[in-house]
Amino acid sequence: MHALPKDGVGQSPIICLVVIGTIAGMGGAERQALYLVDELVDNPRFQVHVLSFQDGEALRPRLRELGVPVHVIEYNHLWPRARRARALGRVAKLLRSSVHPDAILPFVGIHSKAMALVWPYSGARYCWWNQQDEGRDLNGTAAEKRVLKKVSHVISNSWAGRDFLVDTYSIPVNSVQVYNNGTPLPVNNQPTGIWRNKSENSGRPIVAMLA
56 MHALPKDGVG QSPIICLVVI GTIAGMGGAE RQALYLVDEL VDNPRFQVHV LSFQDGEALR
116 PRLRELGVPV HVIEYNHLWP RARRARALGR VAKLLRSSVH PDAILPFVGI HSKAMALVWP
176 YSGARYCWWN QQDEGRDLNG TAAEKRVLKK VSHVISNSWA GRDFLVDTYS IPVNSVQVYN
236 NGTPLPVNNQ PTGIWRNKSE NSGRPIVAML A
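Sequential numbering from 56 applies to the sequence shown in our numbering.
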């Protein structure tokens, strides 16, 4: 969020809208979004809201604990165009009438595309295209290229995500800022044997997928 102006210091907080696909489960993008929310709520410069495109309970307890307002408007990029347009219209109305965001930060490309379409009608000053994947469900259409070029900032959490945007939409490579990220590892204070016994696999090899 370093691109936001510093004139918010001592004035009204900068209202940041973090947009995620669901609060019903914890995928990689949702976890990264939650880490960002954790950081922002500790900074008096920012006031944070979360918009989710699917309702649920998995993330609500933590967001409630942080005091972050949660807004849910059902949206799916696989819906027919008319239904998607109606849903995004409701998003725009919510942002203009209630949230009044200064900055919009979606997670993953399909939600960046949706919010890039909403942004001109939201009243927000900034909108990021946040490529948190290798281009899933994006088709390289002329419409996608137009909205991608209109957002205020384009970022990716990987070189693969950056290369997808550059190769697919013919945008300058220096227009995409890469922020490599990761997940803090939990501290394990128990001996390995105790953890193995809890897993009920004490006599077998254990394989874990980290990402």
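Glycine is no exception: its CB is placed at the ideal position from the N, C-alpha and C atoms. In this text, all values refer to a predicted model and were calculated from it rather than measured experimentally.
List the DSSP bridge partners of residue 69.
Taking the sequence shown and counting its residues from 1, one reaches residue 69 at position 14. Per DSSP, the beta bridge partners of residue 69 are 101.
Going straight from the alpha carbon of residue 103 to that of residue 260, what length do you get?
Counting from 1 along the sequence shown, the entry for residue 103 is found at position 48. Counting from 1 along the sequence shown, the entry for residue 260 is found at position 205. Taking the CA atoms as reference points, residue 103 sits about 43 Å from residue 260.
Let's test the definition: count the other Cβ atoms within 10 Å of the Cβ of residue 80 and tell me whether it reaches 16, buried, or not, exposed.
The residue labelled residue 80 in the question sits at position 25 within the sequence shown. Flag for residue 80 reads exposed.
Have a look at 188, 118 and 173 and flag the residue whose alpha-carbon is nearest the alpha-carbon of residue 139.
On the sequence shown, position 84 is the one that residue 139 refers to. When each option's Cα is compared against that of residue 139, the closest is 173.
Let me check understanding here. Comparing Cα to Cα, which of 193, 207, 122 and 206 lies closest to residue 219?
Reading the sequence shown from its first residue, position 164 is the one you call residue 219. With distances taken between Cα atoms, residue 219 lies closest to 193.
Using alpha carbons as the reference points, say which of 223, 191, 202 and 124 lies closest to residue 150.
Residue mapping note: residue 150 aligns to position 95 of the sequence shown, counting from 1. From the listed residues 223, 191, 202 and 124, the smallest Cα separation to residue 150 is found for 124.
For residue 229, count neighbouring C-beta atoms within 10 Å of its own C-beta (all shown protein chains included) and say buried if the count is 16 or more, exposed if not.
Position 174 of the sequence shown holds residue 229. Around the C-beta of residue 229, fewer than 16 other C-beta atoms lie within 10 Å, and the residue is accordingly described as exposed.
Runs of alpha helix (DSSP H) wholly within the stretch 135-166 (minimum 4 residues, chain order):
List check, alpha helix (DSSP H) in window: 136-149.
Rounded to a whole number of angstroms, what is the C-alpha to C-alpha distance between residue 71 and residue 154?
Numbered from 1 along the sequence shown, position 16 holds the residue referred to as residue 71. Numbered from 1 along the sequence shown, position 99 holds the residue referred to as residue 154. Spanning the two alpha carbons is a distance of roughly 9 Å.
Identify which residue in 85, 189 and 191 has its Cα closest to the Cα of residue 113.
Residue 113 sits at position 58 when you count from the first residue of the sequence shown. Just measuring C-alpha positions, the residue of 85, 189 and 191 sitting nearest residue 113 is 85.
Same chain, Cβ closer than 6 Å to residue 217, five either side skipped, listed in chain order:
Stepping through the sequence shown from its first residue, residue 217 is reached at position 162. Correct list, in chain order: 211, 231 and 233.
Among the candidates 158, 83 and 179, whose CA atom is the shortest distance from the CA of residue 95?
Within the sequence shown, numbered from 1, the residue matching residue 95 stands at position 40. Among 158, 83 and 179, the Cα nearest to that of residue 95 belongs to 158.
Under DSSP, the beta strand (DSSP E) around residue 183 begins and ends at which residues?
Against the sequence shown, residue 183 aligns to sequence position 128. It spans 181-186 - the beta strand (DSSP E) in which residue 183 sits, taken as one unbroken run.
Taking the straight line between their C-alpha atoms, what separation do you get for residue 235 and residue 184?
For this step, residue 235 is matched to residue 180 along the sequence shown. For this step, residue 184 is matched to residue 129 along the sequence shown. One C-alpha to the other measures close to 15 Å.
Span of the beta strand (DSSP E), counted from its first residue to its last, around residue 206:
For the purposes of this step, residue 206 is taken as the residue at position 151 of the sequence shown. Residue 206: not part of any beta strand (DSSP E); DSSP gives it neither H nor E.
Roughly how many whole angstroms lie between the Cα atoms of residue 175 and residue 117?
Numbered from 1 along the sequence shown, position 120 holds the residue referred to as residue 175. Numbered from 1 along the sequence shown, position 62 holds the residue referred to as residue 117. Taking the straight line joining both Cα atoms gives about 31 Å.
Apart from the five residues just before and just after residue 75, which ones in its own chain have a Cβ nearer than 6 Å to its Cβ?
Locating residue 75 in the sequence shown gives position 20, counting from the first residue. These residues qualify, in order along the chain: 85, 88, 107 and 162.
Can you grab the Cα-Cα spacing for the pair residue 97 / residue 115, in whole Å?
In the sequence shown, the residue the question calls residue 97 occupies position 42. In the sequence shown, the residue the question calls residue 115 occupies position 60. Approximately 18 Å between the Cα atoms of the pair.
Proximity winner among 202, 227 and 78, relative to residue 164 (alpha-carbon distances)
Residue 164 sits at position 109 when you count from the first residue of the sequence shown. Checked all of 202, 227 and 78; the closest Cα to residue 164 is 202.
May I ask you to report which of helix, strand or coil DSSP gives residue 123?
As a first step, residue 123 is located in the sequence shown; it is residue number 68 there, counting from the start. Note: residue 123 maps to coil in three-state DSSP.
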